[in-house]
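Chains as they are written, first to last, in the numbering used here: chain A, 204 to 589; chain B, 1110 to 1274.
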């Protein structure tokens, strides 16, 4: 009996992605819960049914399998360890058996099917770089939730950098692992974390930024471990020296990325904010980055008139100078004012709103954030916090 | 090989830098909760708050909301005064949601003891793609005989939805 060949399979997936891009914007719920699982379920059943014709490798290098299992466990532990720093909150997933089953079918089955499809095409086209690239790109595109791209600008940005960047990173890693081992390696690596998220009643309090960073960096760490530690293909001394240099470069890049992420998250004593207005000119201007120092509650009580504080009102960070301090009903209230503003700020600041005190600023480097803020908020004019 | 290494490192740094710029642009607009890792699927959020039925001379205060919390500061003048707030919630994800818990917490330490509140119309189920709204009515106790010194109260509502069965 004739069976669907690799390239025909790619064409079917390409057509499905094209239809998906148009359909999902019309009914995202129907797509996510019915159409997508049905499509990938059908592909999975077909491939497994015809497994012998595709010559998929069931055998897997035991050493690689154990390594990927341990890496997956470390990934999950590291991920949940963040919860001990930032706290945990209740998972939105329902945990009765039927709901777990439904979530597995709608969320995990497509991933399993995608990895089997990758295995079928990759293992039979190992030396055809063009097919490998097309397969990787198509399977990355197949995983994107295009419905999320019709949300507001800010949510689209968050989705792209927390999820899509991770899908791209994981997709490339999966092709690499499939080339080096078998489809079981990416299946284990990719499902482990997702299953844990589906079944545990609490999840760490991470935001899109941390989630995106983990999703992007984690596959890269796996790639480095496999490439330079587990699969030592070349015993040539010169090549090994080159590998050592590469390892150092990767380690430096990842260390720099993690340090930057920690700095942005405010894990260190100093934290940056981008300045959106000229209300503190000439001390600092719109587009500058202010680095503020976080203080303990006791230290906060000692801040006095003339100090520039960074505080939050609603969803905004503001850096203004204290012009008056008074006590009302036992609560200390700080009156603040921008140096270039004519009047003091309307709302008085309480101690729990203060994030820290101004330490220093760096000129101009906050402009990309300011432009992005304006873009997210549909603002074209300058924002003045008066 | 060197090219591949440079591309990977370059791509990593570019992505992390763009993420950092984005994070800095709306750092304070984030709601820390456990749903960040399922963006797109789970997206139940508060999308608006407005006022109606404000008694004469009362002030509804600044209205603030994040994805999961809503805060307002109601200033009422005399017994019997009322302000009603209408809060809209949208399920923009792909998972049907059901109301798990609603917590309305008021600032008892600094707020007026004569100010009371009640919540009505909160839908227990919120299918994917739909919106619902509910009202929080803040009332100055009409039976209050003495006018207290403080006539305002800050109220924060936390609305918790979970996946429907």
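Backbone N, C-alpha and C fix where the C-beta goes; we use that ideal spot for every residue, glycine too. Note that the structure is a prediction, hence the values are computed from the model and not measured.
- For residue 1200 (chain B), the secondary structure class from DSSP, reduced to helix, strand or coil, is strand.
- The Cβ-Cβ distance between residue 1223 (chain B) and residue 232 (chain A) does not fall below 7 angstroms.
- Looking at the DSSP output, residue 520 (chain A) sits in a beta bridge with A:515.
- The beta carbon of residue 368 (chain A) sits closer than 7 angstroms to some beta carbon of chain B.
- For residue 278 (chain A), the enclosing alpha helix (DSSP H) stretches over residues 265 to 289.
- Within the DSSP bridge table, the entry for residue 1168 (chain B) names B:1184 as partners.
- Its Cα nearest to that of residue 1199 (chain B), the residue B:1269 stands out among B:1112, B:1114 and B:1269.
- In the structure shown, the three-state DSSP call for residue 1131 (chain B) is helix.
- If you draw a 10 Å sphere on the C-beta of residue 561 (chain A), you find 16 or more other C-beta atoms in it, and that means buried.
- Around residue 268 (chain A), the same chain offers 384, 387, 388 and 391 as residues with beta carbons nearer than 8 angstroms, after the five sequence neighbours per side are excluded.
- At least 7 angstroms separates the CB of residue 241 (chain A) from every CB of chain B.
- For residue 367 (chain A), no beta strand (DSSP E) segment is defined, and its DSSP state is neither H nor E.
- In terms of CA proximity to residue 528 (chain A), A:552 leads the group A:519, A:552 and A:520.
- In summary, residue 473 (chain A) is exposed, with fewer than 16 beta-carbon neighbours lying within 10 Å of its beta-carbon over all protein chains present.
- Rounded to the nearest angstrom, the gap between the Cα atoms of residue 1233 (chain B) and residue 1206 (chain B) is 9 angstroms.
- Using a Cβ-Cβ cut-off of 8 angstroms, residue 1122 (chain B) is close to 456, 459 and 460 of chain A, given in chain order.
- Just so you know, the alpha carbons of residue 374 (chain A) and residue 256 (chain A) end up roughly 25 angstroms apart.
- Per the coordinates, the alpha-carbon of residue 310 (chain A) lies some 12 angstroms from the alpha-carbon of residue 393 (chain A).
- Between the alpha carbons of residue 510 (chain A) and residue 1250 (chain B) lies a gap of roughly 42 angstroms.
- The beta-carbon of residue 1271 (chain B) is placed less than 7 angstroms from the nearest beta-carbon of chain A.
- The beta-carbon separation of residue 365 (chain A) and residue 418 (chain A), rounded to 7 angstroms, stays under the 8 angstroms limit for a contact.
- By the Cβ-count criterion, residue 239 (chain A) is buried, with 16 or more other Cβ atoms from all chains shown falling within 10 Å of its own Cβ.
- Residue-level contact check: residue 1129 (chain B) touches chain A, since one or more beta carbons of chain A fall below 7 angstroms from its beta carbon.
- When beta bridges are read from the DSSP output, residue 1266 (chain B) appears opposite B:1179 and B:1213.
- The Cβ atoms of residue 1254 (chain B) and residue 1182 (chain B) lie no closer than 7 angstroms to each other.
- For residue 1206 (chain B), the pairing in a beta bridge is given by DSSP as B:1235 and B:1272.
- Under DSSP, residue 540 (chain A) forms a beta bridge with A:524.
- Shown here, residue 1124 (chain B) sits in a helix according to DSSP, grouped into three states.
- Using a CB distance below 7 angstroms, the part of the segment 218 to 251 of chain A facing chain B consists of 231, 232, 235 and 236, ordered along the chain.
- The C-alpha of residue 1274 (chain B) lies about 48 angstroms from the C-alpha of residue 330 (chain A).
- Interface criterion met: the Cβ of residue 297 (chain A) is under 7 angstroms from a Cβ in chain B.
- Looking at A:399, A:516 and A:489, the one whose alpha-carbon comes closest to that of residue 306 (chain A) is A:399.
- When DSSP states are grouped into helix, strand and coil, residue 231 (chain A) belongs to the helix group.
- The beta carbon of residue 1204 (chain B) is closer than 7 angstroms to those of 1150, 1151, 1237 and 1272 in its chain, skipping five residues each way along the sequence.
- A Cβ-Cβ separation of about 11 angstroms leaves residue 493 (chain A) out of contact with residue 558 (chain A) under the 8 angstroms criterion.
- Close to chain B, meaning a Cβ-Cβ distance shorter than 8 angstroms, are the following residues of the segment 337 to 368 of chain A: 348, 350, 351, 354, 357, 358, 360, 361, 362, 364, 365, 366 and 368.
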